[in-house]
Amino acid sequence: MVKIFTHFRLICLLLFLCIGPKNADAQSIADGFMKGKGNSSAALSYSYESYDTYFVGGNSTQNANLGTIATRSLSFYGVTGLTDKLDIVVSLPYIKAAASEGFWQDQKGFQDVALYLKYNAFEKEMGNLGALSVMVAGGISTPLGPYIADAPVAIGHHSTNFDGRVISQFKTNSGFFVSVQAGYIRRSDVKLDRDAVPLPEPGGAGTPYYNGFKSHVPNSFDYSIKAGFAAGVVYADAWLQEQKAGDGTDIGPGIPFPSNAVSYTRTGFSFFVPVPFYRAVGLGAGTSFTLNGKNVGKATRYSGSLNYNLPNWKKK
Amino acid sequence: MRTLYFRQYLACLRSNYLMLLSCSLGILLLSGCEKSDLSGPDYTAAAPSEQDLSGGTWKTILIKSGNEVTVPSPLAPTDPTYQQELSEVKSLQAQLSKTNRSAITYWASGATLRWNEIARQLVAKYNVAPVVGAAPDPSVPFANPVLAARIYALLSVAQYDALVSAWHYKLQFGRPAPSRTDPGIKLLIPASGLSSYPSEDAVIAATSLEILKFIFPKETDYLTQQATQHQESRLWAGANVRSDLAAGESLGKNVAKKVLEYAREDRMNLARDANNTWQQVVVPVKWQSLEIPVRGPMLPLGGKVKTWFDSTALAAGLPGPPPVVGSARFNQDLIEVRKIADTRTREQWRISDFWADGAGTPTPPGHWNQIAEGLIREKGYSEIRTARTLALLNRALMDAAICCWLTKYTYYVPRPSQMDPEIKTATGIPNFPSYTSGHATFSGAAATILGYMFPENSTDLNRQAAEAAISRMYGGIHYRFDNEAGLACGQNIGKVAILWGKGDGSPK
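Residue numbers (the working numbering), protein chains in the order written: chain A, 1 to 316; chain B, 1001 to 1508.
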């Protein structure tokens, strides 16, 4: 019993400390709201992200031979409530990335298809205060095609990712909410087009992050906190997210890009309103800013989405 | 009020702790999985079936013959000093650690090849263009393809000459391996039948250390550590005694000294064209740097470096002038590159990336050393035949670099993207003129000389050379005429190298 209680304390700590961010892409994949059985919605979003400054390790730098790297993406997102306590989410982005200077070829294509399940483990009404819920979510994302990952201009790292997370949300009856989440993303090794040579390590300490045609893609912890308002017709939030990569390389000549340890802190805002007179359709907009990071672009993103709430499939 | 929220929250958590526990465990499990071990490649200890006992008579490259450097006679097996050395081996073997054992196998898998591998890793580490405008720092050499070709050549030539000499003295002295003299010594690697004096491993470790620390002075500690471990591993393995190593080390150092004398005089130190004479050359449409900020071209006087093989025979195979910029042939080949760039397939990108061997890699000569390593391991060559193979290959590769650079800085042909900025690339644009392709020249030379030594692989080697050449068109940075002229020039260099190989006295 003592042991269990210790575990329990550990979990509490995890929930309170691990303010769980998501990847900006996964921003809507797992939030603290459940659809409810039979309710579905689909969204198409467009986003524009760009940076001219990036971090090599933790040092910020620019490269005149790349200029500004701009990434435009069109994403499909769908969610449905299988039961009142279980949602299934799918998403698929089509991405195009291009550098403004130099001669590197643009990259475009479908990136990673993602499938998530989110379970509302418990929900408690707290009288006039509001409701508290704790959810767990797990998902997998995997590349849809052989897109290029090992280049300065690329649309992803091409790994298959397993993501597990816990989300806790408290929502007041007036509509204000705050949620925290913590997750861990495990990324598979990727195959390279070339036979990459790991640098010599004096003393032979440690094992290389890449070698031959294979590269690790660092796993990462992911924390975020979100606060907002969701009631009636409007939704608005502000969030702060941190991704912390495990062991990996820094960006450098000859080093495969997928093995780079990508970490960042981002913040963003989003809001959503239904279209007047036709409330099944809504419009969303969002923005995000990279505050700091490692081996990542100091990117700013703007996005807009068109959402459609499908008729409940449970009712005839 | 706040306390109330918090209490209720805790109450919720408490009532569901089992569920939370299992989910958290799931996440911990996800994070607990280790990444796979990517170290290696691991090879077992080599056991060459043919030890090439005539190796001591083979033609040397920079030393006059196998007996130019003298090696003193070894002590008799009955000598107390030798007996003491045997005891040292026994006491070392009595306390072998796991690290010792893995070092034994690591070095016994092919000493010449292991040092070749170390050289490739160091080239990759130093293959980084310096900051534009920075004063050159000799202790941090820019291991670009030309310099890399020279590093591999110097290393292989030193290893080869030193091993010819070692084989000469091995045959002369015929000291049996310690395990044969003292049954208390266990031989932990396959028996070689070679005389243990002087130790070929000490020869290879010492020559390689001397050459590589001359090139990479900042790596001296790392290299010394490797060389020491290499030598000690032979004691641990029961294959040598201390005096075998000392004689080998001294021989190796002396041969390396002669190779370094050659290196100081080969004119590579002038190749970077400190006075920018390249700027005075006038051609109708001249190559320009496409980098921001503009960077001076790589080693404009690389074509003036001393060649390993007969320079008259090499000159006879130099490419003629390229199609004039703006001519029908030029435009046709330019349009071809543009078309590839506009419709580049994933497979074309893969081929481009596979052969790119750009910054931070062992360069195309390093890639061909790796291909040679695969063939050598397949055949289970002796150390001396391995060194011969690599010395022929790497001299050919360095001469390829010299011939190609001479051509590049005769014609100054612009890269495709300079002529048509809409040509986007799948690889970095090298900062020097286009004609001829370095990749094609290196690959033509390498496939030809390796095809001579591995005739059953000749077809495949030529296929690889052709793919390496066309990879540069797939990448968007070379014209077809660059590749055709480069391959032909490289093949000629390969043929000149074959002539040397045919006359070096090694049995086929």
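Backbone N, C-alpha and C fix where the C-beta goes; we use that ideal spot for every residue, glycine too.
Note that the structure is predicted; figures quoted are calculated from it, not measured.
| Item | Value |
| --- | --- |
| Output yes or no for whether 8 Å exceeds the beta carbon distance between A:H216 and A:S174. | no |
| Classify B:D1526: buried if its beta carbon has 16 or more other beta carbons within 10 angstroms, exposed otherwise. | Past the boundaries of the shown model lies residue 1526 of chain B; chain B is included only from 1001 to 1508, so the question cannot be answered. |
| Tell me the DSSP secondary structure of A:D52 in three-state form. | coil |
| Kindly give me the distance between the Cβ atoms of A:A285 and A:S270, rounded to whole angstroms, as I take these residues to be in contact under 8 Å. | 7 Å |
| Give, in chain order, every residue of the stretch 1272-1304 of chain B whose Cβ lies closer than 8 Å to some Cβ of chain A. | L1290, E1291, I1292, P1293 |
| Tell me whether B:D1037 is buried or exposed, calling it buried when 16 or more other Cβ atoms sit within 10 Å of its Cβ. | exposed |
| Can you tell me whether DSSP reads B:L1155 as helix, strand or coil? | helix |
| Among the candidates A:F272, A:N295, A:T287, whose CA atom is the shortest distance from the CA of A:N307? | A:F272 |
| When the cut-off is 8 Å and only beta carbons count, does B:Y1222 lie next to chain A? | yes |
| In angstroms with no decimal places, state the Cα-to-Cα distance between A:E242 and A:D222. | 6 Å |
| Output, in chain order, the set of chain A residues within a Cβ distance shorter than 7 Å of B:P1362. | V197 |
| Taking all protein chains shown into account, do 16 or more other C-beta atoms lie within 10 angstroms of the C-beta of A:G206, making it buried, or fewer, making it exposed? | exposed |
| Could you have a look at B:S1471 and say whether DSSP puts it in helix, strand or coil? | helix |
| Anyone know if the C-beta pair for B:A1206 and B:A1227 falls short of 8 Å? | yes |
| Is B:A1328 near B:V1305, with beta carbons less than 8 Å apart? | no |
| If you pair each beta-carbon of the stretch 130-140 of chain A with each one of the stretch 159-178 of chain A, do three or more pairs fall below 8 Å? | yes |
| Tell me, please, whether the CB atom of B:G1040 is closer than 8 Å to any CB atom in chain A? | yes |
| Taking the straight line between their C-alpha atoms, what separation do you get for B:K1495 and B:Q1084? | 52 Å |
| On a CA-only basis, which of B:E1291, B:F1454, B:S1109, B:F1142 is nearest B:F1216? Give me that one, please. | B:F1142 |
| Between A:F177 and chain B, is the shortest Cβ-Cβ distance under 8 Å, so that the two count as touching? | no |
| Using a C-beta to C-beta distance shorter than 8 Å, which residues of chain A count as neighbours of B:K1424? | F103, W104, Q105, D106 |
| Excluding the 5 residues flanking A:D25 on each side, which residues of the same chain have their C-beta closer than 7 Å to its C-beta? | Summary for A:D25: the model assigns pLDDT 43, below 50, so the residue's position carries little reliability; its value from the coordinates is reported in the next sentence. Answer for A:D25: P93, listed in chain order. |
| What residue from B:V1089, B:Y1126, B:R1267 has the CA that sits closest to B:L1188's CA? | B:V1089 |
| Select from the stretch 1346-1362 of chain B all residues with a C-beta closer than 7 Å to any C-beta belonging to chain A, and list them in chain order. | R1346, W1349, R1350, D1353, F1354, A1356, A1359, G1360, T1361, P1362 |
| So for A:N23, helix, strand or coil by DSSP? | Here A:N23 scores only 34 on pLDDT, less than 50, and its place in the model should not be relied on; the value that follows carries that caveat. A:N23 falls in the coil class under three-state DSSP. |
| Mind checking which residues open and close the beta strand (DSSP E) that includes A:S318? | In the structure displayed, chain A extends from 1 to 316; residue 318 of chain A sits before or after that span and is not available. |
| Is it buried or exposed for A:F289, if we count other Cβ within 10 angstroms and need 16 for buried? | exposed |
| Return helix, strand or coil for B:P1123, following the three-state DSSP convention. | The sequence given here places Val at residue 1123 of chain B; Pro does not occur at that position. Residue state, collapsed to three classes: helix. |
| Using a Cβ-Cβ distance under 8 Å, would B:S1417 count as near chain A? | yes |
| Using a Cβ-Cβ distance cut-off of 8 Å, determine whether A:A245 contacts chain B. | no |
| Count the C-beta pairs between the stretch 56-67 of chain A and the stretch 30-37 of chain A that are closer than 8 Å, then say yes if the count reaches three, no if not. | no |
| Within 10 angstroms of the Cβ of B:N1254, are there 16 or more other Cβ atoms? Answer buried if so, exposed if not. | buried |
| With a threshold of 8 Å between beta carbons, is B:R1120 in contact with chain A? | yes |
| Which of helix, strand or coil does DSSP assign to B:W1434? | A quick correction: the sequence has Ser, not Trp, at residue 1434 of chain B. In the structure shown, B:S1434 sits in coil (DSSP, three-state: anything other than H, G, I, E or B). |
| Going by other Cβ atoms of all chains shown within 10 Å of its Cβ, with 16 needed for buried, is B:I1335 buried or exposed? | exposed |
| Does DSSP classify B:P1136 as helix, strand or coil? | coil |
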